[in-house]
Amino acid sequence: MAMTLQGRRNTMRVGVVIGLVLGAIFAAGPVLWMLSSSFKSNTEIFELPPRLITESFSFDAYVAIFTTPETVRFFVNSYIVSGAVTVLTLIVAIQASYAFSRFEFRGKRILNVVIVSVQAVPPITLLIPYFGLVVGLGLYNTYPGLIFTYMVFTLPYAIIMMTGYFNTIPRELDEAVRMDGAGSMTALWRVLVPISVPGIVSVGIYTFMIAWNEYLFALTLTRTIDMRTVPIGIQLLMGQHSYEWNQIMAMSILGSIPVLVLFLVFQRFFISGLTAGSVKS
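Numbers given in my numbering equal positions in the sequence shown, counted from 1, plus 1427.
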């Protein structure tokens, strides 16, 4: 019986390892092919049989991207919009979450329902209303138009997550600060925020990722090349008669780097922040 149980455990372990390896290949395969194609010529990409490792290794696609002012501008726009959305979302979400976590006020339940409801609405259903609103406010084809629109979709998640995180922190900490004569804002920014770095980092990474990868609203709310972002820039490399596949792959790789770097640098905070924000003490 002991051998049978041990055999079953070994079989399960082997099955888990095989499953993980297959999952890794399935997940990493397209990324490796994209990376390999970015160093090939367009004709070599479609060679049969396909080769993952190219013989004519070339940086031409990357050189073309960095030497073209329009494509460089796409990255500048994405950094400006994503950075501003992340900073503003965190500032607003931290204060709103503090209020939801620590205070009772009229309309609190209604506001909670509204926040969850906004998070549940598919963004595509709001495309035409927001287009009309942005045009009416004179924000069409501007940074503020994109930033404020993105914040509508990033704020609900940020508030929900930060409220859950603040709920795990003992109230006695900020209450002690207020008893010493300090105000609520002092308790928030000098006590709660420094010990809430994991939650703030996880929300910040998620917010940056949403703003960086967003395509539909960036396409609808901008008109000129100098206001386009990276996802739109990748689409613009698809011409009417030909596609610059190697440049598309290279730009996709470059567009993936910021989020990847943020996650690798703040991975420890990101995971602990998501875990802590998902429970309430």
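Ideal Cβ positions, reconstructed from N, Cα and C, are used throughout, including at glycine.
Quick caveat: nothing in here was measured; it's all calculated off a predicted structure.
I need the boundaries of the alpha helix (DSSP H) containing residue i, first residue and last residue.
i: Y1557; result: 1554-1563
i: N1469; result: 1469-1472
i: I1521; result: 1496-1529
i: E1599; result: 1598-1606
i: A1609; result: Element bounds for A1609: n/a, residue is neither H nor E.
i: L1663; result: 1657-1663
i: Y1670; result: Taken as a continuous stretch (DSSP letters only), Y1670 belongs to no alpha helix (DSSP H), as it is neither H nor E.
i: D1487; result: 1487-1493
What did DSSP end up calling residue i once you bin it into helix, strand or coil?
i: L1447; result: helix
i: Y1642; result: coil
i: S1708; result: Because S1708 carries a pLDDT of 41, less than 50, the predicted location of this residue cannot be relied on, and the following value inherits that uncertainty. If DSSP states are grouped into helix, strand and coil, S1708 belongs with coil.
i: V1688; result: helix
i: M1428; result: Note that M1428 scores a pLDDT of 46, beneath 50, so its modelled location is shaky; the value from the coordinates is reported in the next line. Here M1428 sits in coil by DSSP.
i: Y1567; result: coil
i: V1548; result: coil
i: L1479; result: coil
i: G1442; result: helix
i: S1623; result: coil
i: L1648; result: coil
i: T1595; result: coil
i: R1617; result: helix
i: R1435; result: helix
i: F1453; result: helix
Among the options, which one has its Cα closest to the Cα of residue i?
i: N1594; options: V1620, L1573, L1582; result: V1620
i: R1617; options: G1626, R1605, V1628; result: R1605
i: N1469; options: T1647, A1511, E1671, S1679; result: E1671
i: F1501; options: L1689, V1688, R1650, L1687; result: R1650
i: S1524; options: S1679, S1465, N1539; result: N1539
i: W1639; options: M1654, G1608, P1685; result: P1685
i: L1554; options: A1645, N1437, G1591; result: A1645
i: G1660; options: R1598, V1624, V1503, E1531; result: V1503
i: M1676; options: A1455, G1456, W1460; result: W1460
i: S1623; options: G1591, S1485, K1467; result: G1591
i: T1656; options: Y1570, I1472, T1581; result: Y1570
i: Y1586; options: F1527, Y1557, L1560, I1637; result: The displayed chain sequence assigns Ile, not Tyr, to residue 1586. That would be F1527, whose Cα lies nearest to the Cα of I1586.
Considering only residues of the same chain and omitting the five flanking positions on each side of residue i, which have a CB-CB separation below 6 Å?
i: G1631; result: T1513, L1517
i: M1439; result: none
i: A1511; result: I1574
Here's a check: name, in chain order, each residue in its chain whose Cβ is nearer than 7 Å to the Cβ of residue i, leaving out the five neighbours to either side.
i: G1446; result: none
i: Q1674; result: A1488, A1491, I1492, L1664
i: M1428; result: Here M1428 scores only 46 on pLDDT, less than 50, and its place in the model should not be relied on; the value that follows carries that caveat. For M1428, where only same-chain residues beyond five positions count, there are no Cβ hits under 7 Å.
i: M1654; result: N1504, N1568
Apart from the five residues just before and just after residue i, which ones in its own chain have a Cβ nearer than 8 Å to its Cβ?
i: P1615; result: Residue identity check: residue 1615 is Leu in the sequence provided, not Pro. Cβ neighbours of L1615 beyond the five flanking positions: I1521, Q1522, Y1525, D1601.
Give a single yes or no on whether residue i has its beta carbon closer than 7 Å to a heavy atom of the ligand GTP.
i: F1501; result: This structure does not include the ligand GTP; it has no bound ligands of any sort.
| message | Taking 8 Å as the cut-off, does the segment 1446-1458 touch the segment 1657-1667 (at least 3 CB pairs, one atom from each stretch)? | response | no
| Any contact of the segment 1542-1549 with the segment 1478-1492, i.e. 3+ C-beta pairs under 8 Å? | no
| message | Under 8 Å: do the segment 1622-1636 and the segment 1679-1697 share three or more Cβ pairs, one atom per stretch? | response | yes
| field | Cβ contact check for the segment 1564-1582 and the segment 1486-1500: 3 or more pairs under 8 Å | value | no
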